[in-house]
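To start, the structure under review is shown below, and the notes come after it.
Residue numbers (our numbering), protein chains in the order written: chain U, 1 to 320; chain G, 1 to 320; chain V, 1 to 320.
Right, here's the structure in full:
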């Protein structure tokens with residue numbers, strides 16, 4: 001944890017890389033949310049652009065493809081007036097046998113200011129942050145099962161916008177906690193931001209052992225777990241998982257853990273429903289809920305750009 | 001037709017989406033041509049840029065690949081100073097089982113201002129225009145066999161530049177009328193703009209039944225059809241068609257319908273030759289004609305960018 | 001050679017296309033290096049942008065994929081404030097049977113100002129330069145085994161930065177000279193710039209017959225070849241070559257020609273080590289050397305952008 005903290009924060013205590021919500025203080029997470037408030041209005045303006053990162057070069061290094069996430073980072077960078085390079089790693093020099101370090105150093109030598117990194121291996125963004133020289137900033141866009149910190153922060157932002165503060169809230173995360181980098185980052189973020197009670201709801205096979213050590217309440221029954229919650233965050237069920245022994249079938253999962261209007265009656269009357277998208281209608285969430293009045297799923301997408309603008313500009317301003 | 005009109009036009013009668021040349025008034029089509037006149041000069045300037053759409057986000061949604069058409073829309077958007085997102089739909093979330101509506105709503109939530117849509121299904125652009133919220137504009141870049149309205153308007157623009165007006169003109173469209181979205185859009189555009197006589201020339205198997213209802217003269221013999229025409233628009237012969245029963249072979253087609261200098265002698269001495277490109281030399285058009293003095297094929301490409309700039313800026317200015 | 005000169009130079013003797021280092025005068029090559037000095041600082045600035053090519057359209061036409069080279073040209077163009085189109089030639093209209101000439105004329109008609117061309121065939125950039133109209137500029141980003149002139153100029157720039165001038169220098173190029181467009185362009189550049197002695201070091205099977213005609217000293221023994229050199233340029237060994245009869249194996253090659261610290265003891269004490277990248281560690285170069293104090297490999301990458309900015313702006317300013 002100290003290692004993470006050192007990598008993410010510079011000597012003045014300001015954000016340098018954004019790799020994980022773990023190891024960052026409540027003050028810093030709150031500063032990210034406050035900055036995102038300023039950027040949330042940019043998307044509504046006639047001219048959706050601010051000149052903060054004009055003349056900076058930001059490279060999207062996606063070792064794992066993701067059109068949706070790459071697009072939000074590209075838009076965030078362009079609205080900050082940065083130049084964006086989309087680098088398809090699979091077709092790049094690494095194929096010719098070049099090492100990752102050589103690829104990174106080559107991009108650094110081109111005076112790229114920031115790498116947005118998506119990788120199938122847990123720890124990849126931290127590893128890259130430990131390799132690059134002091135002038136380059138790393139933002140983690142998802143690494144293996146480890147972390148997806150901008151997703152967690154946009155969820156926190158969406159919750160704060162509706163509820164005002166975190167201190168009185170009960171929040172439940174539902175689904176495949178075991179394999180979810182989103183869940184891990186959310187747990188660290190909401191714990192640090194001081195929610196009253198954080199719950200996870202999933203079958204036993206999909207909950208990792210260390211949950212209770214994080215102060216999270218574990219539920220295997222969704223009706224019990226949703227009781228009085230102010231926000232419920234549904235995770236996307238990965239189809240791959242359902243073919244293994246961990247889960248019987250999509251139908252079965254929906255029957256036991258799918259979010260329906262009926263089940264939401266158990267929650268607080270003003271409960272919010274979040275989902276990182278893309279949603280599997282009828283698998284983890286019913287269409288009535290996804291499209292209903294409690295759903296803030298599309299707001300999450302909008303706020304995701306504001307959060308990314310905030311994180312990118314903070315990392316760039318945090319140069320020593 | 002009322003449905004199309006409603007979708008394309010806002011309450012003040014201004015262009016909102018550009019989906020089809022069908023259902024738009026002569027005044028509106030003329031306004032597009034007049035605006036394109038202003039943009040035609042931008043490509044010749046030292047600085048090929050105007051700040052009209054600065055800070056706007058335009059997403060190219062190409063469900064059907066087309067480098068040429070996408071490039072012209074991308075250039076038009078960039079010369080209007082907009083930010084452009086190229087979204088490869090096949091590699092995007094729709095693959096993960098996300099519905100089209102969810103994909104569109106996600107892009108809307110990112111505050112995209114305009115979608116340029118290309119799709120293999122007829123009606124796709126209208127369908128998408130009916131789904132999006134009031135802040136988003138749709139431009140049809142070709143949908144199935146239905147419409148390709150910017151191609152039709154750039155053809156009309158090219159004709160007007162050379163001939164001054166439409167009222168005295170005889171224009172012939174030659175080739176696979178049946179399967180051509182270009183031909184459909186041209187017929188509606190030239191009819192509305194008031195050409196004196198519109199002709200289609202093709203084998204019986206490639207002419208749809210409704211032609212005469214549109215006031216179009218049908219010819220199966222190219223020499224008769226070209227008699228005295230002021231402009232001839234060649235369609236690209238799709239190779240797929242020639243493998244079916246509709247046509248014998250490329251050689252055979254060229255012999256019967258290919259445009260040669262010899263055949264052009266039948267036409268008006270100042271006849272113009274148009275083609276949407278890419279051309280099949282020696283299939284629908286002889287190289288002598290394609291590269292000859294009567295060909296305006298490359299002018300069409302240039303004007304295509306002016307037309308797209310006009311349509312994009314009109315749709316964006318037409319917000320309610 | 002006269003043909004090349006005519007194509008590259010306009011009537012006033014200024015650079016028009018940049019196709020090859022062959023046939024350009026020492027004055028012109030020196031002007032490129034001097035201009036690159038001005039641009040070398042841009043990458044270090046807070047705002048890495050100059051407005052020289054604002055409103056110009058530059059199309060990257062890569063018929064042969066190369067993420068690394070395309071990225072440096074894209075960055076150079078963006079830092080000159082140009083609009084950049086990346087055109088994937090394999091998925092473009094050429095697949096539909098369109099001829100190369102038609103593709104080029106279509107891009108010209110879109111008012112593209114410059115094509116950056118990469119092609120597997122020797123002579124492709126010259127051929128394209130001979131086809132385009134007078135308003136379009138061509139920069140060769142590598143054609144077959146023929147030329148890679150921006151790579152040669154960035155090597156010359158790196159050498160001049162460290163050594164001040166060329167007149168007293170001994171420079172050796174090591175590796176597969178036979179198949180290397182980089183080596184060919186370097187030999188012409190360094191000869192024209194007036195190095196004291198230019199050497200090539202390779203097995204007999206990898207040295208073309210015409211070497212001695214170019215005034216280059218040929219060595220088959222690396223220790224003899226490196227004696228007293230001021231700079232050594234390692235070439236990347238293409239894996240394809242090693243499967244043929246020309247070379248026994250990567251291990252064998254490293255044993256006979258791989259650059260090690262031990263071997264460098266033979267060279268001048270201030271010897272510089274260059275490599276165009278991506279490097280094959282342990283094949284043509286030892287990691288100790290690649291990462292050592294004499295290596296300027298990453299500087300080459302930085303200077304590559306400055307050279308490309310210089311060449312692009314000179315070609316654009318050289319319009320008649």
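Ideal Cβ positions, reconstructed from N, Cα and C, are used throughout, including at glycine.
Keep in mind the model is a prediction, meaning the values are calculated, not measured.
| Asked | Found |
| --- | --- |
| Residue from G/107, G/119, G/89, G/122 with nearest C-alpha to residue 135 of chain G | G/107 |
| Simplified DSSP state of residue 197 of chain V, which is helix, strand or coil | strand |
| Beta-carbon proximity list for residue 40 of chain U, same chain, < 6 angstroms, skipping 5 on both sides | 306 |
| Near-chain U residues of the region 271-283 of chain V - C-beta to any C-beta below 8 angstroms | 277, 278, 279, 280, 281 |
| 9 angstroms Cβ cutoff, residue 43 of chain U in contact with chain G | yes |
| Test: residue 18 of chain U CB closer than 9 angstroms to a CB of chain G | no |
| From V/180, V/173, V/295, residue whose alpha carbon lies closest to that of residue 334 of chain V | Here chain V has residues from 1 to 320 only, and residue 334 of chain V is not among them. |
| Residue 102 of chain V burial status per 10 Å Cβ neighbour count (16 or more: buried) | buried |
| Neighbouring residues, chain G, relative to residue 298 of chain U (Cβ below 9 angstroms) | 105, 106, 108, 109 |
| Contacting positions in the region 51-65 of chain G - beta carbon closer than 8 angstroms to chain U | 54, 55, 56, 57 |
| Buried versus exposed call for residue 132 of chain G [16 or more other C-beta atoms within 10 Å across all chains shown] | buried |
| Cβ-Cβ distance between residue 114 of chain U and residue 312 of chain U below 9 angstroms | yes |
| Span separating the alpha-carbon of residue 169 of chain G from that of residue 28 of chain G | 20 angstroms |
| Neighbourhood of residue 279 of chain G by C-beta distance below 6 angstroms, restricted to the same chain and skipping five residues each side | 285, 290 |
| Which listed residue (G/252, G/275, G/288, G/112) has its alpha carbon closest to that of residue 298 of chain G | G/275 |
| Neighbourhood of residue 30 of chain V by C-beta, 6 angstroms cutoff - its chain only, sequence neighbours within 5 removed | none |
| Enclosing alpha helix (DSSP H) for residue 289 of chain U [first to last residue] | 287-290 |
| Residue 202 of chain U versus residue 220 of chain U - alpha carbon distance | 5 angstroms |
| Backbone CA spacing between residue 47 of chain V and residue 104 of chain V [nearest angstrom] | 34 angstroms |
| Closer than 8 angstroms: residue 12 of chain V CB and nearest the ligand NAD heavy atom | For the ligand NAD, the structure offers nothing, since it holds no ligand at all. |
| Beta-bridge partners of residue 57 of chain V, as assigned by DSSP | V/83 |
| Short CB-CB distance (under 9 angstroms) between residue 255 of chain V and chain U | no |
| Alpha carbon of residue 270 of chain V to alpha carbon of residue 277 of chain V, nearest angstrom | 22 angstroms |
| Residue range of the unbroken alpha helix (DSSP H) whose run includes residue 102 of chain V | 100-109 |
| Test: residue 99 of chain V CB closer than 9 angstroms to a CB of chain G | yes |
| Residue 51 of chain G classed as buried or exposed, judged by whether at least 16 other C-beta atoms fall within 10 angstroms | exposed |
| Cβ of residue 25 of chain G within 9 angstroms of any chain V Cβ | no |
| Neighbourhood of residue 321 of chain U by C-beta distance below 8 angstroms, restricted to the same chain and skipping five residues each side | The requested residue 321 of chain U does not occur in the structure, where chain U is confined to residues 1 to 320. |
| Buried or exposed by the 16-neighbour rule on C-beta atoms within 10 Å, applied to residue 167 of chain G | exposed |
| Unbroken stretches of the alpha helix (DSSP H), 4 residues or longer, contained in the region 251-286 of chain V | 261-264 |
| Exposed unless 16 or more other CB atoms sit within 10 angstroms - verdict on residue 303 of chain V | buried |
| Interface residues of chain U facing residue 102 of chain G [CB-CB closer than 7 angstroms] | 278, 279 |
| Enclosing alpha helix (DSSP H) for residue 317 of chain U [first to last residue] | 297-317 |
| Touching by the beta-carbon criterion (3+ pairs, under 8 angstroms), the region 81-90 of chain U and the region 53-65 of chain U | yes |
| Where the beta strand (DSSP E) containing residue 171 of chain V begins and where it ends | 170-174 |
| Cβ-based burial, residue 226 of chain V [other Cβ within 10 Å; buried from 16] | buried |
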